[in-house]
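S.K.: This is the structure I have questions about; it appears just below.
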Amino acid sequence: MLTKKQHELLIFIHERLQKTGVAPSFDEMKDALDLKSKSGIHRLISALEERGFLRRLAHRARALEVVKLPENLEATASIPQSPSEEKSFSPNVIKGEFNLTGALSSKEETGASEVAHLPLYGRIAAGTPIEALQDPSSFVDVPPGLIGSGNHYALEVDGDSMIEAGINDGDTVIIQECANAENGAIVVALVDNEEATLKRLRRKGESVALEPANVAYETRIFPQDRVRVQGRLVGLYRRY
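Last residue of the sequence shown: number 254 in the numbering used here, and the count goes up by one each step with no gaps.
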């Protein structure tokens, strides 16, 4: 049995596919369901996949296929043709051109591309800090709705110290490149120019605290000249 929100999202996607042949964007889904963040849409889509109602098609932008509808609707609603079978459907996907830091520029993020290609800088500790990451090991494709203006990059989380903030070991976090962030923001912090870690930022006077979201870990406090913000968390990408 589907929850009310799962049911609403499935019907919204189904009706959009029937009308246009293209799945709605995450922003459109969020607005249609009156949700405050796109993370809720990610959870609903994953739940619908697990229950066999939706299927995500690999290597296609915004490609969702409705596999089945609730029993009370199947008799009156037809399942739209899979995007992979629609000859007229040709998504406009382009590869991003990267600047010297390897991050995607705001021009590329807001252009015609249906996916954003972000450099994956490897694994970052959400527990004990690790050596700072610089060179991208690969690239990940994410929905443009996960990012905004500015440069962005991706990191794979290694550890469980941010688990109470909903960030699990193995998750891919989307980071907006910046040199400063507000108190309470989750940031990539570079300590002593050699250790990078993902933590919640707290400032007080001349001190900077890097705060975990797990009671099993301790908050680390540094003089502000030992900590440099390299970006702030703006999204999370999880595979099941």
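Heads up, the beta-carbon is just placed ideally off N, CA and C, and yes, glycines get one too.
If you're wondering where the values come from, they're calculated on a predicted model, not measured in any experiment.
Could you compute how far the alpha carbon of ARG242 sits from the alpha carbon of ALA223?
M.R.: Approximately 12 Å between the Cα atoms of the pair.
S.K.: Restricting to runs no shorter than 4 residues, where is the alpha helix (DSSP H) found entirely within the region 38-82?
M.R.: Here the runs fully enclosed are 40-46, 52-64.
S.K.: Would ALA130 and ILE161 be called neighbours here (beta carbons separated by less than 7 Å)?
M.R.: Yes.
S.K.: What are the boundary residues of the alpha helix (DSSP H) that includes ARG20?
M.R.: The residue you asked about is not Arg; residue 20 is Gln in the sequence shown. It spans 18-34 - the alpha helix (DSSP H) in which GLN20 sits, taken as one unbroken run.
S.K.: If you reduce the DSSP assignment to three classes, tell me which class SER104 lands in.
M.R.: For SER104, the predicted model reports a pLDDT of 32, less than 50, meaning its position is unreliable; a value from the coordinates is still stated below. Coil, per DSSP.
S.K.: Looking at LYS18 and LEU58, is the spacing between their C-beta atoms short of 7 Å?
M.R.: No, Cβ-Cβ distance for LEU58 and LYS18 is not below 7 Å.
S.K.: I believe TYR251 touches VAL156 by the beta-carbon criterion, under 8 Å. Please report the beta-carbon distance rounded to the nearest angstrom.
M.R.: Indeed they touch by this definition, with Cβ atoms about 6 Å apart.
S.K.: Is GLY8 buried or exposed, if buried means 16 or more other CB atoms sit within 10 Å of its CB?
M.R.: Because the chain spans 15 through 254 in this model, residue 8 falls outside it and cannot be assessed.
S.K.: Roughly how many angstroms separate the alpha carbons of VAL13 and ILE27, rounded to a whole number?
M.R.: The requested residue 13 is not part of the displayed model; the chain covers only 15 to 254.
S.K.: Tell me whether LEU247 sits in a helix, a strand or coil according to DSSP, three-state version.
M.R.: Three-state DSSP puts LEU247 in a strand.
S.K.: List the residues that DSSP assigns as beta-bridge partners of TYR155.
M.R.: The sequence as given places Asp at residue 155; Tyr does not occur at that position. DSSP, once it has assigned bridges, lists HIS131 as partnering ASP155.
S.K.: Excluding five sequence neighbours on each side, which residues of the same chain lie with their C-beta closer than 6 Å to the C-beta of LEU204?
M.R.: Here the set comprises ALA146, ALA210, ARG242, GLN244.
S.K.: Roughly how many angstroms separate the alpha carbons of SER48 and ALA227, rounded to a whole number?
M.R.: One detail in the question is off: residue 48 reads as Asp in this sequence, not Ser. So the alpha carbons of these two residues sit roughly 28 Å apart.
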